[in-house]
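Encoded as structure tokens, the structure appears first; notes follow it.
Number of protein chains: 2
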Amino acid sequence: MPADSTETNGVDLPPQKGQPGVADVISALYHHDGKLATQEQRVANYVKDHLEDISAMTIAELAGQCNVSTPTVIRFCRTLGCDGYREFKLRLAQNLAVSMQYLSADPKAGPTAGDSAIDQILNAINATANVMRRQIDPLVLDCAKAALLDTRHLLFAGIGGGSSTVAQEAANRFFRLGIPSMSTSDSYTLQMRAATLKEGDVLFLVSASGEADAIIGAAKIANNYGATTICITKPGTKLADVCSVPILVDLPEDRDIHKPTSSRYIHMIIVDALAMSVAQEMAHETTENLRRIRASLTAYHGRTGPQPLGD
Amino acid sequence: MPADSTETNGVDLPPQKGQPGVADVISALYHHDGKLATQEQRVANYVKDHLEDISAMTIAELAGQCNVSTPTVIRFCRTLGCDGYREFKLRLAQNLAVSMQYLSADPKAGPTAGDSAIDQILNAINATANVMRRQIDPLVLDCAKAALLDTRHLLFAGIGGGSSTVAQEAANRFFRLGIPSMSTSDSYTLQMRAATLKEGDVLFLVSASGEADAIIGAAKIANNYGATTICITKPGTKLADVCSVPILVDLPEDRDIHKPTSSRYIHMIIVDALAMSVAQEMAHETTENLRRIRASLTAYHGRTGPQPLGD
DNA sequence: AACGAACGTGTAATTTAATTACATTAAGTC
DNA sequence: GACTTAATGTAATTAAATTACACGTTCGTT
Numbered sequence: 002m003p004a005d006s007t008e009t010n011g012v013d014l015p016p017q018k019g020q021p022g023v024a025d026v027i028s029a030l031y032h033h034d035g036k037l038a039t040q041e042q043r044v045a046n047y048v049k050d051h052l053e054d055i056s057a058m059t060i061a062e063l064a065g066q067c068n069v070s071t072p073t074v075i076r077f078c079r080t081l082g083c084d085g086y087r088e089f090k091l092r093l094a095q096n097l098a099v100s101m102q103y104l105s106a107d108p109k110a111g112p113t114a115g116d117s118a119i120d121q122i123l124n125a126i127n128a129t130a131n132v133m134r135r136q137i138d139p140l141v142l143d144c145a146k147a148a149l150l151d152t153r154h155l156l157f158a159g160i161g162g163g164s165s166t167v168a169q170e171a172a173n174r175f176f177r178l179g180i181p182s183m184s185t186s187d188s189y190t191l192q193m194r195a196a197t198l199k200e201g202d203v204l205f206l207v208s209a210s211g212e213a214d215a216i217i218g219a220a221k222i223a224n225n226y227g228a229t230t231i232c233i234t235k236p237g238t239k240l241a242d243v244c245s246v247p248i249l250v251d252l253p254e255d256r257d258i259h260k261p262t263s264s265r266y267i268h269m270i271i272v273d274a275l276a277m278s279v280a281q282e283m284a285h286e287t288t289e290n291l292r293r294i295r296a297s298l299t300a301y302h303g304r305t306g307p308q309p310l311g312d
Numbered sequence: 002m003p004a005d006s007t008e009t010n011g012v013d014l015p016p017q018k019g020q021p022g023v024a025d026v027i028s029a030l031y032h033h034d035g036k037l038a039t040q041e042q043r044v045a046n047y048v049k050d051h052l053e054d055i056s057a058m059t060i061a062e063l064a065g066q067c068n069v070s071t072p073t074v075i076r077f078c079r080t081l082g083c084d085g086y087r088e089f090k091l092r093l094a095q096n097l098a099v100s101m102q103y104l105s106a107d108p109k110a111g112p113t114a115g116d117s118a119i120d121q122i123l124n125a126i127n128a129t130a131n132v133m134r135r136q137i138d139p140l141v142l143d144c145a146k147a148a149l150l151d152t153r154h155l156l157f158a159g160i161g162g163g164s165s166t167v168a169q170e171a172a173n174r175f176f177r178l179g180i181p182s183m184s185t186s187d188s189y190t191l192q193m194r195a196a197t198l199k200e201g202d203v204l205f206l207v208s209a210s211g212e213a214d215a216i217i218g219a220a221k222i223a224n225n226y227g228a229t230t231i232c233i234t235k236p237g238t239k240l241a242d243v244c245s246v247p248i249l250v251d252l253p254e255d256r257d258i259h260k261p262t263s264s265r266y267i268h269m270i271i272v273d274a275l276a277m278s279v280a281q282e283m284a285h286e287t288t289e290n291l292r293r294i295r296a297s298l299t300a301y302h303g304r305t306g307p308q309p310l311g312d
């Protein structure tokens, strides 16, 4: 294999976010998958099926498992943008460490000595966010955004502590854009309000389980009256099936019941991302609304200077 | 160095989450720090100061930098619980990959062309979290934790969309631990409830500005009746002056008013970290409460499997 | 169809990096 | 001071990764 093989890769990998200079070899692996030379594809297939084992294997072991030569493995690594097998192993381990942090949490493991509680929470949020980013479909987000841009009546709902908080916060974000936005966590009120929605309105539901009867019922009602139903939930659930724009994320839950759940942060991040996109798209109207809010609050409490707007 | 050095470590490191058999060498490094043999301590000092560089260095390079022999480096790695330098490098890279995600978030970097809205929100959270971690005083967190462990009456309050949500979420976290916990965002109710508190009770206030009259007034009332007042707020504010345990963070606000504010995530993270610490300290009582909650919810909705507990 | 170039692959040789064996020195205990 | 244990480094050895080169296959051009 000539030394210019890296120039013919066809892909110049950007650094992974948060990892200056460390490319994402997992993404590269899937990018090249199916388009590799015959023997290199055998390596790729084995690596995909044994991601967690690779970094502890010698190149001879991996080549043996795939029935290829060790230089073929090196060529494979170079196709993925690494200098050689050493770098490939290192990067794979790093990339996996980020994603795998809490996927198979061991309840017997306590906090490690050097991690503060805050570090543990932050680690959990970031690990879960990485899982979400691999799953989330940008096209669905675009659909949701389009619906939100058009709506004149926006109802958020979630039942249970975390989901109801996310719904409430969502309404707190969107009302500032001049969109009539409300939230409810009361299952009866939700059915009633859903029945008042019509075409062009949006019902936005948050449910980690995707199986709560009151939530699903409300989605069906709103659908019947022509409203757009958007939800943030798990794939393969009743709610996902019923909604017209399902934002699907299957988030790992920490087995340690003493730790607060990360998924509500992720749901909030998704809502915030939508709010930001909508705000930027309707910047003319938004800016005037936000100016009014700021002026009114300043008149009320007299404080100026940088602070969250009404938060 | 005899082969039984691992038996004299004094610490049997548990596997890190999600990585069976992969211990946290950073924690081990700090655990042994100051108690190592002379030359090994030189290696430890260098490693601490160059964590990000180590995994790309050969053992000869590292030994050269520390002016020690390569077998000394291997002994150092074995002291930390690794088989050799290869394993040490791999584990260090893995451990760092997780932490580096938020440590490298840059508050001064604007959104780049390829960043999705989600990337922008997440980067802002991580950047703000880095600011918080540099400011927050662990001793104050310990004081807050101690007060929370002892209390039989816990009242959270915040006024304004974000602060009131954090307060509500906080109560949602702490009631699960068997601590009678409530929240309010109604300024009148807050004064009334504050007046019912007494010694051993806790009033926990969330205020980004630290200058809201209703919040400060409630803190003064509760102080007068002997309750402990904890707050999350800005340094140098009236609220910071009035509370007995002020958790102080001066968080930057994004100048772009179209972007949702990050500080409410940070406040939630602080609350979650406290809730987790308290939960682990009173694990006996907590586990029973959480078991009851799970059993009751399952009886109510019939669903099992991993999901956020009641969220 | 024939030929040449490019690509893919593996064997063997070479290089690099890590580890072990052993000797020496330093520190601690009686 | 004598003896034992711990710490340390040099040199030799082993393990692992990489390179060089030869051969076979496929593709494109004449």
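First to last, the sequence lines map onto chains C and V. Going left to right, the first sequence walks through residues 2 to 312 as my numbering numbers them. Going left to right, the second sequence walks through residues 2 to 312 as my numbering numbers them. Note that CB positions come from ideal geometry on N, CA and C, so glycine has one too.
(request) Measure the beta-carbon distance from Thr234 of chain C to Ala223 of chain C and round it to whole angstroms, keeping in mind my assumption that it falls under 8 Å. (result) Their Cβ separation, rounded to whole angstroms, is 15 Å, which puts Thr234 of chain C and Ala223 of chain C out of contact at 8 Å.
(request) List the endpoints of the continuous alpha helix (DSSP H) containing Leu291 of chain C. (result) 284-302
(request) Name, going along the chain, the residues of the region 200-214 of chain V whose beta-carbon falls closer than 9 Å to a beta-carbon of chain C. (result) Ala209, Ser210, Glu212, Ala213, Asp214
(request) Sort out for me which residues DSSP pairs Ala158 of chain V with in a bridge. (result) V:Thr185, V:Leu206
(message) Determine whether the beta carbon atoms of Val272 of chain V and Val167 of chain V lie at a separation below 8 Å.
(response) yes
(request) Within the region 64-93 of chain V, note down every full alpha helix (DSSP H) run reaching 4 residues or more, in order along the chain. (result) 71-80
(request) Check each candidate in V:Ile119, V:Asp151, V:Leu37 and name the one with the smallest Cα separation from Glu282 of chain V. (result) V:Asp151
(request) Use the C-beta contact count for Arg135 of chain C: other C-beta atoms within 10 angstroms, 16 or more gives buried, fewer gives exposed. (result) exposed
(message) Just to make sure I have the definition right: I need the residues of chain V whose C-beta is within less than 8 Å of the C-beta of Met277 of chain C. Which are they?
(response) Ala118, Gln121, Ile122, His259, Lys260, Pro261
(message) Counting only C-beta atoms, is Tyr266 of chain C closer than 8 Å to chain V at any point?
(response) yes
(message) Between Leu198 of chain V and chain C, is the shortest Cβ-Cβ distance under 8 Å, so that the two count as touching?
(response) no
(message) Taking the alpha helix (DSSP H) that Ile217 of chain V belongs to, which residues open and close that run?
(response) 214-225
(request) Note the first and the last residue of the continuous beta strand (DSSP E) segment covering Cys232 of chain C. (result) 229-234
(request) Give a yes or no on whether the C-beta atoms belonging to Val230 of chain V and Val243 of chain V are separated by under 8 Å. (result) According to the sequence provided, residue 230 of chain V is Thr. The question's Val does not apply to it. Contact flag set, yes.
(request) Compile a chain-ordered list of the residues in the region 171-184 of chain V whose CB is closer than 8 Å to at least one CB of chain C. (result) Asn173, Arg174
(message) I need the boundaries of the beta strand (DSSP E) containing Ile248 of chain C, first residue and last residue.
(response) 246-249
(request) Give me the Cβ distance between Leu123 of chain V and Ile270 of chain C, rounded to the nearest whole Å; I'm assuming they're in contact under 8 Å. (result) 6 Å
(message) Here's a check: name, in chain order, each residue in its chain whose Cβ is nearer than 6 Å to the Cβ of Ile180 of chain V, leaving out the five neighbours to either side.
(response) Leu155
(message) Given this structure, state the Cα-to-Cα distance separating His1 of chain C from Val132 of chain C, to the nearest angstrom.
(response) This structure cannot speak to residue 1 of chain C, because chain C is shown only from 2 to 312.
(request) Compare the C-beta of Thr230 of chain V with all C-beta atoms of chain C and state if any pair is closer than 8 Å. (result) no
(request) Would you verify that the beta carbon of Ile270 of chain V is, or is not, closer than 8 Å to some beta carbon of chain C? (result) yes
(request) Report the neighbours of His285 of chain C on chain V: residues whose CB is nearer than 9 Å to its CB, in chain order. (result) Those within 9 Å of His285 of chain C in chain V number zero; the least Cβ separation is about 12 Å.
(message) Just to confirm the assignment, what range does the alpha helix (DSSP H) spanning Thr313 of chain V have?
(response) Beyond the ends of chain V as shown, which are 2 and 312, falls residue 313 of chain V; an answer cannot be given.
(request) Below 8 Å between beta carbons is the criterion; list the residues of the region 78-96 of chain C that meet it against any residue of chain V, in chain order. (result) Lys90, Leu91, Ala94, Gln95, Asn96
(message) Can you check whether the C-beta of His33 of chain V is within less than 8 Å of a C-beta belonging to chain C?
(response) no
(message) I need the straight-line Cα distance from Tyr267 of chain V to Ala274 of chain V, nearest angstrom please.
(response) First, the amino acid is wrong: residue 267 of chain V is Ile here, not Tyr. Cα-Cα distance, rounded: 10 Å.
(message) DSSP three-state label for Ile122 of chain V, please.
(response) helix
(message) Let's test the definition: count the other Cβ atoms within 10 Å of the Cβ of Lys90 of chain V and tell me whether it reaches 16, buried, or not, exposed.
(response) buried
(message) Spatial neighbours of Ser188 of chain V within its chain, please: C-beta separation below 7 Å, excluding the five flanking residues on both sides.
(response) Ile160, Ala215
(request) Following the continuous alpha helix (DSSP H) through Glu41 of chain V, name the residue where it begins and the one where it ends. (result) 39-50
(request) Could you name the residues of chain C that His302 of chain V contacts, counting a contact when the two beta carbons are closer than 9 Å? (result) Ser210, Glu212, Ala213, Asp214
(message) Can you pull the chain V neighbours of Thr166 of chain C, defined as C-beta to C-beta under 8 Å?
(response) Thr166, Gln169, Glu170, Asn173
(request) Consider the Cβ of Ala296 of chain C: report whether some Cβ of chain V lies at a distance smaller than 8 Å. (result) no
(message) Helix, strand or coil, according to DSSP, for Ile55 of chain V in the structure here?
(response) helix
(message) Within 10 Å of its beta-carbon, does Arg304 of chain C have 16 or more other beta-carbons around it, so buried, or fewer, so exposed?
(response) exposed
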